[in-house]
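Q: Just passing along the structure, written as structure tokens.
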Amino acid sequence: MLRFVNICLVLALVALAYVIYEGKYEARALDEDIGGLRKEIETERDAVAVLRAEWSLLNRPDRIERLAKKHLKLNAARPQQLVTIETVSDSAFERVRMEAAEDSLPAGSAPPSKVKSVAMPGVAAPAAPENLDDLPAATKTVSVKTVPIKAPPAFQPAFPPPVTVSPPGQ
Amino acid sequence: MAREPHISVTATPAERASLAKSRNRYRLACLAFALSFFAIAVRLVTLGFAAVEPGSGGLHDISTTVHRPDILDRNGRLLATDIKGATLYADPAKVIDRDELVEQVASVLPDINTAELREKLKNGKRFVPIKRELTPKQQAEIYELGQAGLGFIEEYRRVYPMGATASHVVGHVNVDNKGLAGIEKFIDDNPQLAMSAPENAVGGEAVTLSLDLGAQHVLREELVNAMTVYRAKAAAGVVIDVSSGEVVAMVSLPDYDPNYREQALDKDRLNRMISGVYELGSVFKVFTLAGALDGGSATMRSSYDASQPIRVGRFTIEDFHGKKRRLTVPEIFIYSSNIGAAKAALDLGIERHKAFLGKLGMLGRLSTEIGETAEPLIPSPWGRLNTITIAYGHGLSITPLQLATATLPLVNGGFAVNPTFLPRSRAAGLKQSPSVLKPATSHSMLQLMRLNVLKGTGKRAEAEGYRVGGKTGTAEKVVGRSYEGSALLNSFLATFPTDAPEYVVLVTIDEPKRVPESHNEATAGVNAAPTVGKIVARIAPILGVAPKLPGEQPKFDAKVLASY
């Protein structure tokens, strides 16, 4: 009986030793993986830092201003052009809409049935109502008769494109 | 004794005795083994818990410079950051063929001095730096040379993407990435600053400033323009939030690019805002009249006789825009009467005048994150003549930043807010500041400053819709031992919008010339004032100050909208 217990214990010990040995090597391999990943993260982080620096460099206000002067036909905003949404009443919208409609119509013709809304670039265009008469009175959609907008000239950078920085260490 | 060991009944008495004797030895041995196994077990457990040392990097990768936090403006735009660069060095002791090595390195880096490098390698130091800040491509090519004795050090390098735009506030670092000036130095002295701050986009540390890059750029550009147009020697300007004390823009020209730190050594590029003391001239009348109104020695209706020059000893004090009559307090302000200001100060009293200036912080040093301001030059003893001249801004030299700071209580309802380069809310700014003036004084000063822009010497500072108020200052500079009429230091101290002040703007222009653009004049009203007007017109929208136009409700202009 005692001998049987002893044999079992020895077998258990061997099995345990193997499990521990396996576990240890697995852990070591994982450690190496972690080290490798850490290094990779570090490399990526350095690359991101370089790219952020370059992004800021390209977004310097003086550079943007220079490019805007060169490629855009815009002036500095005058105080008359700055309004808050509170000061723009619905009647103001309505008046503008009527004026625009009258301006563009040849005398005596019927009012236009379809008016397209003009959306500012960068602002999501509101769902364009097909018929203005369907509009609820309080809608804030900026609706004017289509004004021909001069297409801006295609953007042609006059300077050589910036040198792309490849991530270091690769 | 727990129990008797089992002893065979067949044992002889002698055997029995020897067994009993060895029992104690047997126990001792057991104890010794138990202890040693326990010690081994403890050691194993501690080894198991010990952190695994991270795999060491490449053979030659050693980082020598410290990593610094990023510096951001109030809107999170990057003002300073670290990027990694490699420095190539050679270890002469390991070099096999010196000439071959030099030749091969020169084939990758054509700009190195080969003769000098050969000489250095021959002299046999252990560390010969060859080139700093290699590009990754160059580094790879050097690797491919496969030369023994070459190595790289990975170093952090500080870069300032905005260049000179915010140089005097941000400061710069030395070759070891230690902060030498400005906020960079402040970060080194206060390491907790970066730790408490929220992390930047890539999980690194970052310090956020009160500066607004847009406003900073406008201020710098307009000052550069002013310097060019008026052919001035130097210019400086600051924009401070009146309630929070946040400095949203500060420029001193000529400035330097912190990416080329050696430029900072040039004495001419010092930060005039905090390191230079000047007699700032008539802008001091703001404080003289504020003192008189606050001390109760004058009201807005008081008047002083300005028909005769004041004679004190061998000095005669005259008016530049002389009216030769009695002037009321608003008239003294808008005509910038020296005689009137001097009389108002004398009426207030020499001691009270001095105490009032002290209360506004003009007689001490002002402490900010980017360093203390220079020591003001205070006359000692401070007599009657001193009070007379200081009333219109001569005889007391202070830094421009102090002047702008002293203006804050005059326009924000009386709170002596300390300027700061770190973000602070308006409520916190007012809460932390003692009240040094009556709110009524502040109200009167705003009226006077606005009046001066509408009707007085500051007309050209008007920015449509932004209700600018301010005071001109045309100070003659001391050249040698006497005041020089042709060397002027002009300034304009402004606040906007005057109906609910948000910002104070101070611009000083050093030695502007008489040029056609300023109607061949050189007073502050034709150069400093229009510069402030242009600055306000551009920064007010950036800083979110709403324009207010007289007359009708702003017309909604569909054509303008459509053309965008």
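Chains A and B are the protein sequences, given in the same order.
Following the numbering used here from start to finish, the first sequence increments by one per residue and tops out at 154.
Following the numbering used here from start to finish, the second sequence increments by one per residue and tops out at 566.
No residue lacks a Cβ here, since even glycine has one placed at the ideal position from N, Cα and C.
1) Here's the rule I'm using: 16 or more other beta-carbon atoms within 10 Å means buried, otherwise exposed. How should P503(B) be labelled?
2) Measure from the C-beta of V34(A) to each C-beta in chain B and report whether the shortest distance is under 8 angstroms.
3) Which residues does DSSP list as the beta-bridge partners of I73(B)?
4) With a cut-off of 8 angstroms on the beta carbons, I'd call F417(B) and S212(B) a contact; round off their distance for me.
5) Output the distance between the C-alpha atoms of E371(B) and F188(B), rounded to the nearest integer angstrom.
6) Taking F609(B) and G460(B) to be in contact with their CB atoms under 8 angstroms, please state how far apart those CB atoms are, rounded to whole angstroms.
7) Okay, do the segment 281 to 297 of chain B and the segment 358 to 365 of chain B touch, 3+ Cβ pairs below 8 angstroms being the bar?
8) With a threshold of 8 angstroms between beta-carbons, can R79(B) be considered close to chain A, or not?
9) Whether or not the segment 173 to 190 of chain B and the segment 236 to 253 of chain B are in contact is what I'm after, with contact meaning three or more pairs of Cβ atoms, one per stretch, closer than 8 angstroms; do they touch?
10) Within 10 angstroms of the Cβ of E157(B), are there 16 or more other Cβ atoms? Answer buried if so, exposed if not.
11) Quick one: residues in its chain with C-beta nearer than 6 angstroms to the C-beta of A150(B), no 5 flanking neighbours on either side, listed in chain order?
12) Given 8 angstroms as the limit, is there contact between the segment 80 to 93 of chain B and the segment 127 to 145 of chain B, that is, 3 or more CB pairs closer than that?
13) Using 8 angstroms for Cβ pairs, my map puts T389(B) next to H445(B). What's the rounded Cβ distance?
14) Report yes if the CB atom of L387(B) is closer than 8 angstroms to the CB atom of V314(B), and no otherwise.
15) Mark H396(B) as exposed unless 16 or more other C-beta atoms lie within 10 angstroms of its C-beta, in which case mark it buried.
16) The segment 462 to 492 of chain B: which residues have C-beta closer than 9 angstroms to a C-beta of chain A, in chain order?
17) Since M447(B) and A292(B) should fall inside the 8 angstroms C-beta cutoff, what is the C-beta to C-beta distance between them, to a whole number of angstroms?
18) With DSSP run on the structure shown, which of helix, strand or coil describes M252(B)?
19) Give a yes or no on whether 8 angstroms exceeds the smallest Cβ distance from D30(A) to chain B.
20) What ranges does the beta strand (DSSP E) occupy inside the segment 314 to 365 of chain B, keeping only unbroken runs of at least 3 residues that lie completely in it?
21) If we cut at 8 angstroms on Cβ distances, does D259(B) have a partner in chain A?
22) Which of the residues in the segment 53 to 76 of chain A, read from start to end, lie with their CB under 8 angstroms from any CB of chain B?
23) Helix, strand or coil: how does DSSP classify V481(B) here?
24) Whose CA, out of L403(B), I312(B), P436(B) and R263(B), lies closest to the CA of N414(B)?
25) Can you find a CB in chain A that lies within less than 8 angstroms of the CB of A548(B)?
26) Any Cβ of chain A within less than 8 angstroms of the Cβ of M447(B)?
27) Are any of the Cβ atoms in chain B nearer than 8 angstroms to that of R44(A)?
28) Taking the C-alpha atoms as reference points, what is the distance between N26(B) and E10(A)?
29) Going along chain B, which residues have a C-beta under 7 angstroms from S41(A)?
30) Expressed to the nearest angstrom, what Euclidean distance is found between the alpha-carbon atoms of Q404(B) and A76(A)?
31) What span of residues does the beta strand (DSSP E) with T510(B) cover, start to end?
32) Hey, out of Y394(B), V250(B), P131(B) and D191(B), whose CA is closest to F154(B)'s CA?
33) How about G247(B) and G431(B): do their beta carbons lie closer than 8 angstroms?
34) Kindly indicate which three-state DSSP category G165(B) falls into: helix, strand or coil?
35) Determine, for K124(A), whether the minimum Cβ-Cβ distance to residues of chain B falls below 8 angstroms.
36) Taking CB distances under 8 angstroms as the criterion, tell me whether K86(B) reaches chain E.
A: Reading from the atomic positions:
1) buried
2) yes
3) A82(B) and V209(B)
4) The pair is not a contact, with the Cβ atoms about 17 angstroms apart (cut-off 8 angstroms).
5) 6 angstroms
6) Since the first residue of chain B shown is 3 and the last is 566, residue 609(B) is not available in this structure.
7) yes
8) yes
9) no
10) buried
11) K96 and I98
12) yes
13) Actually they do not touch by this definition, with Cβ atoms about 26 angstroms apart.
14) yes
15) buried
16) A465, E466, G467 and Y468
17) 5 angstroms
18) strand
19) yes
20) 317 to 319 and 328 to 330
21) no
22) A60, A61, R62, P63, Q64, Q65, L66, V67, T68, T71, V72 and A76
23) strand
24) P436(B)
25) yes
26) no
27) yes
28) 46 angstroms
29) This sequence places Leu at residue 41(A); Ser is not what is there. Those are P163, listed as they occur along chain B.
30) 48 angstroms
31) Y505 to D512
32) P131(B)
33) yes
34) helix
35) For K124(A), the pLDDT reaches just 37, beneath the cut-off of 50, and the residue's location in the model is therefore unreliable, although a value from the coordinates is still provided. No, because no Cβ of chain B sits closer than 8 angstroms to the Cβ of K124(A).
36) The displayed structure is made up of protein chains A and B, and chain E is not among them.
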